[in-house]
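Residue numbers (the numbering used here): 195 to 681.
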């Protein structure tokens, strides 16, 4: 049974009643007057509610109090003049913009001091500086920075030392993760197990200036022309692992592009020594990621950001079009991956690798969701009809429900075909020997099972084993008859 709540059902009514009992976000006096002013100027009620993080009914209730609010508080605090204080707003905004462009750090205390300096030049009795500053930041999308990466000072110093002698504009970071692409939230909360998954390989510039094509490795054969226009490259692979060959092919294409641009870059990623020893590129210097906590945690944050956007788009599509995993094809899911990858903003990547000081103010130019990867908060903000009380923990855990998927093929340096040949040819197997052929197929089955091959492949190999066993027994009988050996 779906956990999504129909707006016409009794469950929806009970859910709304529960929500109505909860306290809404507190809106200060100036904020209420701004809401009234915005409605008078024709701004949609739903947009205002989303900006303030409240239910649209709250906006309606505030507007009904318009005359009472103006009459009650205008004389005491002179709020209407403060709300319409265009000179203060624009002068302070220009100062903040200028300071941040010059690379300076601004915190709340400095913002307040500057606001008071500007106020002193005006003939206004201004008594609500703190409330006005909070609203000023909200109007101009100025946020207080808090680092999402929790790591030691040693790890941060290690990162600064590492990039000190590098051109960060040409420094790229590579990462890989697994994704249960067709696993929807209904299946997750009902404890169903997922089997279909893909391996995702990404490369980003640490300054956020460039995101390379997302590489998706899957075990379904699809027409690549269907995804040709997307920033996604699909690669078919039976074992669903990121092998050295896959990495090599992707980097070779990128290296050729860099040659035409006469550009050289450095790439940091978790790769095996075999890859570094066996391949080299003239325009890509690969630096192996070893015990660098800061980079490793940032890779995890990029993964989490992508999965947050992927899951919210997946949930939205199901709500709007009532399409579950049985209806969509891998090409459809690849398109969702494309949109999710596009939603990982360049600014967010830049802030991960080059964070500001905590509590520093900055302009948030991207989607606010980029700094809050919570499906629970997203459902609340956009009024997604879900039982938020019952599934509050499950919503955020759903983002990384596939974090333990095996994705890197570290111990295999050659293709599967080459490994199979090595297994079959062990001990100089001769094709004319039925016994040795039987022994070879048994080794092959053991190998396939160790590589977690598909059940259908192992089953086919076992069928062949049965036939070869019959041939081996016939050969043994012939040898015994030739040498007059009693049975």
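The C-beta atom is built at its ideal place from N, Cα and C for all residues, glycine as well.
Quick caveat, the model's predicted, so the values are computed rather than measured.
Item                                                                                                                                                                       : Value
Between 595, 391 and 545, which lies nearest to residue 493 when the distance is taken from Cα to Cα?                                                                      : 545
Given 8 Å as the limit, is there contact between the region 419 to 437 and the region 579 to 596, that is, 3 or more CB pairs closer than that?                            : no
Can you look up residue 521 in the DSSP assignment and give me helix, strand or coil?                                                                                      : coil
Determine, using beta carbons only, whether residue 601 and residue 369 come nearer to each other than 8 Å.                                                                : no
Do you know whose CA, among 440, 657 and 497, lies nearest residue 531's CA?                                                                                               : 497
Check whether the Cβ atoms of residue 260 and residue 230 sit closer than 8 Å, and answer yes or no.                                                                       : yes
Given that a residue counts as buried once 16 or more other Cβ atoms are within 10 Å of its Cβ, and exposed if not, what is residue 410?                                   : buried
Where does the unbroken alpha helix (DSSP H) through residue 296 begin, and where does it stop?                                                                            : No alpha helix (DSSP H) contains residue 296, which DSSP labels as neither H nor E.
Please name the residue, chosen from 460, 489, 467 and 487, that lies closest to residue 480 on a Cα-to-Cα basis.                                                          : 460
Under 8 Å, with one C-beta from each stretch per pair, do the region 466 to 475 and the region 437 to 456 reach the 3-pair mark?                                           : yes
Decide if residue 386 is buried, meaning its Cβ has at least 16 other Cβ atoms within 10 Å, or exposed.                                                                    : exposed
Within the chosen definition, does the region 221 to 228 reach the region 328 to 335 through at least 3 CB pairs nearer than 8 Å?                                          : yes
Check for me: the alpha helix (DSSP H) holding residue 540 runs from which residue to which?                                                                               : 540 to 547
Below 8 Å, how does it come out for the region 431 to 443 and the region 390 to 399: are there three or more Cβ pairs, yes or no?                                          : yes
For the region 244 to 259 against the region 571 to 584, are there 3 or more C-beta pairs whose distance is under 8 Å?                                                     : yes
For residue 287, which residues from the same chain have a beta carbon less than 7 Å from its beta carbon, with the 5 sequence-adjacent residues on both sides left out?   : 334
DSSP state of residue 551, grouped into three classes?                                                                                                                     : coil
Suppose you measure from the CA of residue 513 to the CA of residue 635; what does that come to, to the nearest Å?                                                         : 50 Å
With a threshold of 7 Å on Cβ separation, who are the neighbours of residue 306 within its own chain once the five nearest residues in sequence on each side are excluded? : 323 and 327
Extract the residue ranges of the alpha helix (DSSP H) inside the region 353 to 394, only unbroken runs of 4 or more that lie entirely within it.                          : 379 to 383
Can you say whether residue 503 is buried or exposed, counting buried as having 16 or more other CB atoms within 10 angstroms of its CB?                                   : buried
Just the C-alpha distance for residue 528 and residue 421, rounded to the nearest angstrom, thanks.                                                                        : 8 Å
What residue range is occupied by the uninterrupted beta strand (DSSP E) comprising residue 460?                                                                           : 459 to 463
With DSSP collapsed to three states, give me the class of residue 308.                                                                                                     : helix
Can you tell me the Cβ-Cβ gap for residue 487 and residue 349, rounded? I've got them flagged as a contact below 8 Å.                                                      : 4 Å
Among 653, 556, 672 and 441, whose alpha-carbon lies nearest the alpha-carbon of residue 194?                                                                              : The requested residue 194 does not occur in the structure, where the chain is confined to residues 195 to 681.
Would residue 567 be called buried (16 or more neighbouring beta carbons within 10 Å of its own) or exposed?                                                               : buried
Please give me, in chain order, every unbroken run of the alpha helix (DSSP H) with length at least 4 that falls completely inside the region 463 to 535.                  : 467 to 472 and 487 to 515
Which of helix, strand or coil does DSSP assign to residue 420?                                                                                                            : helix
Residue range of the beta strand (DSSP E) that residue 427 falls in?                                                                                                       : 426 to 430
Could you tell me if residue 484 is buried or exposed, where buried requires 16 or more neighbouring beta carbons within 10 angstroms of its beta carbon?                  : exposed
Could you check what DSSP says for residue 409 in three-state terms: helix, strand or coil?                                                                                : strand
From residue 228 to residue 361, what distance separates their C-alpha atoms?                                                                                              : 46 Å
Let me confirm a value: residue 243 is counted as buried when at least 16 other C-beta atoms fall within 10 Å, else exposed. Which label applies?                          : buried
Please classify residue 660: is it buried, with 16 or more other beta-carbons within 10 angstroms of its beta-carbon, or exposed?                                          : exposed
On the DSSP letters alone, give me the boundaries of the alpha helix (DSSP H) that residue 258 sits inside.                                                                : 250 to 258
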